[in-house]
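Written below as structure tokens is the structure these notes are about.
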Amino acid sequence: STMVFFKVLRASVQTGLRFQGTSARAATSTLKTAQGGFRFELTDQQKEFQEVARKFAREEIIPAAPSYDKSGEYPVALIKRAWELGLINSHIPESCGGMGLGIFDACLITEELAYGCTGVQTAIEANSLGQMPVIIAGNDMQKKKYLGRMTEEPLMCAYCVTEPGAGSDVAGIKTRAEKKGDEYVVNGQKMWITNGGKANWYFLLARTDPDPKCPASKAFTGFIVDADTPGVQMGRKEMNMGQRCSDTRGITFEDVRIPKENVLIGEGAGFKIAMGAFDKTRPPVAAGATGLAQRALDEATKYSLERKTFGRLISDHQAVAFLLAEMAIKVELARLAYQRAAWEVDEGRRNTYYASIAKAFAGDIANQVASDAVQVFGGNGYNSEYPVEKLMRDAKIYQIYEGTAQIQRLIISREHLVKFKN
Amino acid sequence: MSARVLVGVKRVIDYAVKIRVKPDNTGVVTDGVKHSMNPFCEIAVEEAVKLKEKKLIKEVVAVSCGPQQAQETIRTALAMGADRGIHVEVSGKDYDNLGPLQVSKILAALAKKEETSLIILGKQAIDDDCNQTGQMTAALLDWPQGTFASEVVLEGDKVKVIREIDGGLETVRLKMPAVITADLRLNTPRYATLPNIMKAKKKKIDVVKPGELGVDLTSHLEVLRVDEPPQRQAGMKVETVEELISRLKEAGRM
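Taken in sequence, the protein lines are chains A and B.
With the first letter of the first sequence counted as 1, position 76 gets the number 76 in the UniProt record's numbering; the numbers rise by one all the way through.
With the first letter of the second sequence counted as 1, position 57 gets the number 57 in the UniProt record's numbering; the numbers rise by one all the way through.
Listed below in structure tokens is the structure:
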């Protein structure tokens, strides 16, 4: 009700000379474009989706984010609200009660939510990551059972692959799954599992072939594990640099028994499934980093139009104006990069090259732009009363999770060289 | 109950946009500017949808007058829960001159055509702040009106409206069919959820021309000039009450 009041008040207050804020994002002109060819226009539905996500982020996430950051408390209320609005679980197919949205639409929503708080957005995004193996590799029974329940109540899930001793080197994971009759018995340790303590079920990657000579493409199996299965032990909630309200934990598997019905595709198919998920989840992660960067740019710009030094607004000083320009360059390009990566996979093409580029670039620039935003704020920027120091702390993880900045470069160089040689 | 509610929704410049006057002072810049549903119209839609959810009325019809883009606003109403929409196509000069009188004539014609029991409108639009359409519509139809509603209660064939007035709250009881205009505190409009946005695409929007309704859009008003409000002057700080009084006297204000 305060928001509506605000709307009405803003509209009727006389404040003298005012400048129109126009940006490509504000325009809603429906351009008639020619068939085919390159296009940068969203459909009406995409604009409407983006509006809902934006409104939710600005009106509900932003006011609550600072206190969730301080307390580290899991943002249950916000997640529930986002679920009610249909902003979560967008990838779930219609047959399981979802909306079956493409990656592009998911990215639009993700960028808006991340603008509000990437901690909240990561908790939500982890659902997509956990679900993706089931969406791409699950059989009808598995999909109905594990995806269906996500649309019936606001449940979380998690992607359980990383271990204390193996992050980038997925083939180096040691969690073992031994076939015993109609079950697999799992033993091992996972680490840095987002939503680890809140998940209703996990996608788990474990080694089923003990032979060290067995290639990665055959040695691992993907499982769906109910979180309340006996033997699943959750570690403590980890205190991280940023995205602090997101729940990250170690998980120990001690003689956990998984029915063979919960194997995705079959024994030995796990590695490909785990990696295949990334082509669809990296663009949204890049979108999240872009949302953070846009927020940093907006906060810095707003501040620069208020703060004065040496008799002028700091935005009038070229040093600051040039900083803002470079931040803007990076944000625009990061957006284009994730949009291309998302569009490619929605068109049915393999998008690994574009997805890695988007993730690498967006992760890097999010850090640069957040740091520059603190710089624009000067001393105030370093202080927790101002919104930008949180952005800097939140940004760092974008260069680490979903494939480190270095792994992305490995992927990009490999893809690039293959393309070139052909 | 077979009651049908007509809700008027106006497409206006978004409340958060900084308005700029056109260089020729004929109006404000609207090209490329973000538009959305008038906030009071959102409240009107919400109230209608709530009545439908309580099963007190049968159908909510959202109406908007304007060019093609008015359909975006109708779609928002559909995503909030309205059942179908009517787009009254008005464009060009006719749209520029479209004011409360013309819209009231249109709404009155539609209300008769659609066998409406209740018309719910926003109390005013945030662009022209006229606060006239509801009242004029009621007058043209010779229906009772409950304006500035902060509470609406259906009671059989009557509707109780609690109105926010300068002196406080006034309760009126109107025999339906009636016109109600929504004020700020009537309710908190819901978000359109993503699934509802998708469902809204399947809902119907009929397009009609004012001529088909027998409405004459001629305006008897001519906008001569639009200007920015005067620049706010800097104030002056005073130390004591005596100084305040002497300054006020100097400025001829006392």
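Don't be surprised by glycine CBs; every beta carbon is placed ideally from N, CA and C.
The structure displayed is predicted, hence computed values, not measured ones.
**Report entry** Straight-line Cα distance separating B/Glu-242 from B/Leu-25
**Finding:** It should be pointed out that residue 25 of chain B corresponds to Asn in this sequence rather than to Leu. Cα-Cα distance, rounded: 44 angstroms.
Query - Given 8 angstroms, three or more beta-carbon pairs between the segment 196 to 214 of chain A and the segment 289 to 305 of chain A - result: no
Report task. Name the residue from A/Ile-314, A/Gln-45, A/Gln-318 and A/Ala-65 whose alpha carbon lies nearest to the alpha carbon of A/Ile-79. Result -> A/Ala-65
Query raised in the report: Where does A/Met-327 fall in DSSP's three states?
Result: helix
Query raised in the report: Using a Cβ-Cβ cut-off of 8 angstroms (strictly less than) and excluding sequence neighbours within five positions of B/Ile-57, which residues of its own chain qualify?
Result: Met-1, Ala-3, Arg-4, Val-5, Ala-48, Leu-51, Ser-117, Leu-118 and Leu-154
Query raised in the report: Does DSSP classify A/His-416 as helix, strand or coil?
Result: helix
Report task. Using three-state DSSP, classify A/Asn-262 as helix, strand or coil. Result -> helix
Query raised in the report: Does the beta-carbon of B/Gln-68 have 16 or more other beta-carbons within 10 angstroms, so that it is buried, or is it exposed?
Result: exposed
Query raised in the report: From A/Asp-255 to A/Val-369, what does the alpha carbon distance come to, in whole angstroms?
Result: 46 angstroms
Query raised in the report: Would you say A/Ala-53 and A/Leu-87 are within 9 angstroms of each other, going by their C-beta atoms?
Result: yes
Query raised in the report: Would a C-beta distance cut-off of 9 angstroms place A/Ser-371 and A/Gln-408 closer than the cut-off?
Result: no
Query raised in the report: Span of the alpha helix (DSSP H) holding B/Gln-102?
Result: 100 to 113
Query raised in the report: Out of curiosity, what's the CA-to-CA distance linking B/Asp-127 and B/Arg-225?
Result: 15 angstroms
Requested in this report: Would you kindly work out how many angstroms separate the C-alpha atoms of B/Val-29 and B/Arg-20, rounded to a whole number?
Outcome: 6 angstroms
**Report entry** Range covered by the alpha helix (DSSP H) that runs through A/Lys-80
**Finding:** 76 to 84
Requested in this report: Would you kindly work out how many angstroms separate the C-alpha atoms of residue 499 of chain A and A/Gly-197, rounded to a whole number?
Outcome: Only positions 1 to 422 of chain A appear in this structure, which leaves residue 499 of chain A out of reach.
Query - Sequence-distant residues of the same chain with beta carbon closer than 6 angstroms to A/Val-120, five excluded per side - result: Ile-61, Pro-75 and Leu-78
Query raised in the report: Thinking C-beta only, is B/Arg-190 closer than 9 angstroms to B/Glu-164?
Result: no
Query raised in the report: Along the chain, which unbroken stretches of the alpha helix (DSSP H) at least 4 residues long are found entirely within the segment 82 to 153 of chain A?
Result: 103 to 116, 118 to 137 and 148 to 152
Query raised in the report: When the cut-off is 9 angstroms and only beta carbons count, does A/Val-52 lie next to chain B?
Result: yes
Requested in this report: Would you identify the three-state DSSP class for B/Met-37, choosing helix, strand or coil?
Outcome: strand
Query raised in the report: Ordered along the chain, which non-local residues of its own chain (more than five positions away) have a Cβ less than 6 angstroms from that of A/Ala-24?
Result: Any reading at A/Ala-24 needs caution, since the residue's pLDDT is 34, under 50, leaving its predicted position unreliable; the model's value is listed next. For A/Ala-24, where only same-chain residues beyond five positions count, there are no Cβ hits under 6 angstroms.
Query raised in the report: Cβ of A/Ala-57 within 9 angstroms of Cβ of A/Gly-116?
Result: yes
**Report entry** For A/Pro-387, the nearest candidate out of A/Gln-399, A/Thr-122 and A/Val-374 (CA to CA)
**Finding:** A/Val-374
**Report entry** Range covered by the alpha helix (DSSP H) that runs through A/Met-241
**Finding:** Counting along the chain, A/Met-241 falls outside any alpha helix (DSSP H), and DSSP gives it neither H nor E.
Query raised in the report: What is the DSSP secondary structure of B/Glu-53, reduced to helix, strand or coil?
Result: helix
Query - Residues that B/Lys-175 bridges to, as DSSP identifies them - result: B/Lys-158
Query raised in the report: Are A/Met-327 and A/Leu-297 touching if we call contact CB-CB under 9 angstroms?
Result: yes
Report task. Pull up the distance between the alpha-carbon of A/Gly-231 and that of A/Tyr-202, whole angstroms please. Result -> 14 angstroms
Query raised in the report: Should B/Lys-55 go down as buried or exposed, given a rule of 16 or more other Cβ atoms within 10 Å for buried?
Result: exposed
Query raised in the report: Taking Cβ-Cβ distances shorter than 8 angstroms, what residues in chain A pair up with B/Ala-79?
Result: Glu-48
Query raised in the report: Considering only the beta carbon of each residue, do A/Arg-236 and A/Arg-249 sit closer than 9 angstroms?
Result: yes
Query - Where B/Asn-196 falls: helix, strand or coil (DSSP) - result: helix
Query raised in the report: Which chain A residues are close to B/Lys-201, counting only those with a beta carbon under 8 angstroms from its beta carbon?
Result: Gln-45
**Report entry** A/Ile-224, buried or exposed, once every other Cβ within 10 Å from all chains shown has been counted against 16
**Finding:** buried
Query raised in the report: So, do the segment 144 to 159 of chain B and the segment 202 to 209 of chain B have three or more beta carbon pairs nearer to each other than 8 angstroms?
Result: no
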